[in-house]
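Note that UniProt numbering gives residue 280 to position 280 of the sequence shown, counting from 1, and the numbers run on in steps of one.
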Amino acid sequence: MLFDKICRRNGIRHRLTAPASPNQNGKVERFHGTFRPDFLDEAGPFTSVEQAQAAVDAWVHGYNTDRPHQALNDTLPVTPAERFAAVPTEAREVLPLWLPPALDAVTEPARPHEDHCATDESAVEPPVAPPVAPPVAPTLGRQPGDAVELERVVGPSGNLAIRGQQFWLGPARVGQCVRFWIDCDMVHLSIGGTRVKTVRSHLSINDLAILVAHGAVPAGPPPLPSTLEPDGVVELERAVSRFGSINLGGRKVLIAEILGGRQVGIRIEGQTLMAFDLDTRELLRTRANPLPLEQLRGLRGVRPAGPPLRPSTEPVTVQRRASTEGVIVVAGQKLAIGRAYAHQTVTVHVAESTVTVEADGETRVFRRTSTKPVRSIKGQRPRTATSVS
């Protein structure tokens, strides 16, 4: 992670080789071909990692400074250290190098064979400094790598992309405006002033400069979650499995089978856990909170709570088509409404303890004896008979 952070801060793209493809990393593989017979085959057993590391460092130092490399020059003895040079100071001033405080920049190494190489200047070419990329022009006093903010609208797929990095919001967020807070370390996504997701940033300072050129603005403080108080209320989002459960802090919490496959909001108030609709904030189900306060602090995606939830709109209204005997099936319960309603489509209101059937202006109430969820809303499509001449 530290290596990737240094690359992002300095506008370097870290390119990886494909798995099981040593041909894409030939220089390192060639080094292994030298390191194994010249060092590993001769080195004795080591009593500690520190002793082994010291022996490897001594061998590498001799390889770079004392051992001529034929591929560098086949007529004069030239070592790898003679061909290595740090970026000149004037180049660093044009494009400053960012390093964490624990690391220091490498100074230009000494040239042990400098006097020898000076005898024939035509044979050994002086090292050429790498080309320096043009500096990123600061905007409104910004420094390269400073955080930026921008807004995007969630498309039909529920997915957003910023400079090649993907952000999944889900179909429930389609059409909503998302506020991005981005730097080279983290990306915070907020909707309506509430943080909904935080992920690691894959963007470099060059990506941030391009975003600024396309309308991004300097960012304020990051929208980090507030500290949970003993009586605090928090919310998060979870996808309900097809069995009606969610994963919360490593535990499976049963919500409702009827909500299977749906993205819902979870609101936690003390000992109460509530599932609600993300668009309407309508209360869907209420369960006991199985997690202590200490575990709530480490939940993925936790954020400060929004406004209070709206009451549920039970009963659930569905349609059913009566059979030849005048029987309908709702939530696994068979209801006989009479042969007079055979092949008719009736409206059914399913509540927690009652089932109400409306047909031809009449209303009949049945006691609900099944605990199965309502799986379908619309009644079966009426069949059309075809006359035979």
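Think of the CB as a built atom: it goes at the ideal place given N, C-alpha and C, for glycine as much as any other residue. Predicted model only: the values in this text are computed from it and were never measured.
Taking the alpha helix (DSSP H) that VAL240 falls in, what are its first and last residues? Segment: none, VAL240 is in no alpha helix (DSSP H) and carries neither H nor E.
For PRO218, name the three-state secondary structure that DSSP assigns. strand
Could you say which of VAL318, GLY158 and LEU299 lies nearest to GLY249 if we only look at CA atoms? The residue among VAL318, GLY158 and LEU299 with its C-alpha nearest the C-alpha of GLY249 is LEU299.
Under the rule that 16 or more other beta-carbon atoms within 10 Å means buried, what is ARG173, buried or exposed? buried
Taking the alpha helix (DSSP H) that residue 391 falls in, what are its first and last residues? For residue 391 there is no data in the structure shown, the boundaries of the chain being 1 and 389.
Return the chain-ordered list of same chain residues with a C-beta closer than 6 Å to the C-beta of ASP183, the five sequence neighbours on each side being excluded. ALA147
Is the beta carbon of VAL330 sitting closer than 7 Å to the one on VAL316? Contact: no.
Entirely enclosed alpha helix (DSSP H) segments - the segment 288 to 374, minimum 4 residues: 293 to 296
SER204 and ASP185 look like a contact to me (Cβ under 8 Å); what is the Cβ gap, rounded to whole Å? The Cβ separation is near 11 Å, so there is no contact.
Among GLY261, PRO308 and GLY260, whose alpha-carbon lies nearest the alpha-carbon of GLU282? PRO308
At the level of alpha carbons, what is the spacing between VAL212 and LEU150? 9 Å
Can you have a look at TRP181 and say buried or exposed, based on whether 16 or more other CB atoms are within 10 angstroms of its CB? buried
Stretch-stretch touch, CB-based, cutoff 8 Å, three pairs: the segment 10 to 30 with the segment 215 to 224: Taking 8 Å as the limit for Cβ pairs, the verdict is that the segment 215 to 224 does not touch the segment 10 to 30.
Looking at C-alpha atoms only, which residue of GLU90, THR89, PRO68 and LEU97 is the closest neighbour of ARG83? PRO68
Cβ-Cβ separation, GLU257 to GLY265 (assumed contact under 8 Å), whole Å: In fact, because the Cβ distance is near 18 Å, the residues do not count as touching under 8 Å.
Could you check where the alpha helix (DSSP H) with LEU2 kicks off and where it finishes? 2 to 9
Alpha carbon to alpha carbon, what distance is there between GLU358 and GLU325? Taking the straight line from one Cα to the other gives about 17 Å.
Exposed unless 16 or more other CB atoms sit within 10 angstroms - verdict on VAL253: buried
If you follow the alpha helix (DSSP H) that residue 448 is in, where does it begin and where does it stop? Lying before the first or after the last residue shown, residue 448 is absent from the chain, which here runs from 1 to 389.
Assigned exposure category for HIS32 - 16 Cβ within 10 Å defines buried: exposed
Three-state secondary structure (DSSP) of SER226: In this prediction, SER226 scores a pLDDT of 48, lower than 50, which makes its location untrustworthy; the coordinate-derived value is nonetheless stated afterwards. When DSSP states are grouped into helix, strand and coil, SER226 belongs to the coil group.
With burial defined as no fewer than 16 other Cβ atoms inside 10 Å of the residue's Cβ, what is the status of PHE276: buried or exposed? buried
Within its chain, find whatever has a CB closer than 6 Å to the CB of ALA340; leave out the 5 residues flanking it on each side and keep chain order. None.
Is GLU235 closer than 7 Å to PRO161 when the C-beta atoms are compared? As written in the sequence, residue 161 is Ala, which differs from the Pro given in the question. No, Cβ-Cβ distance for ALA161 and GLU235 is not below 7 Å.
Based on the DSSP output, what are the partners of HIS61 in its beta bridges? In DSSP, HIS61 forms no bridge with anything.
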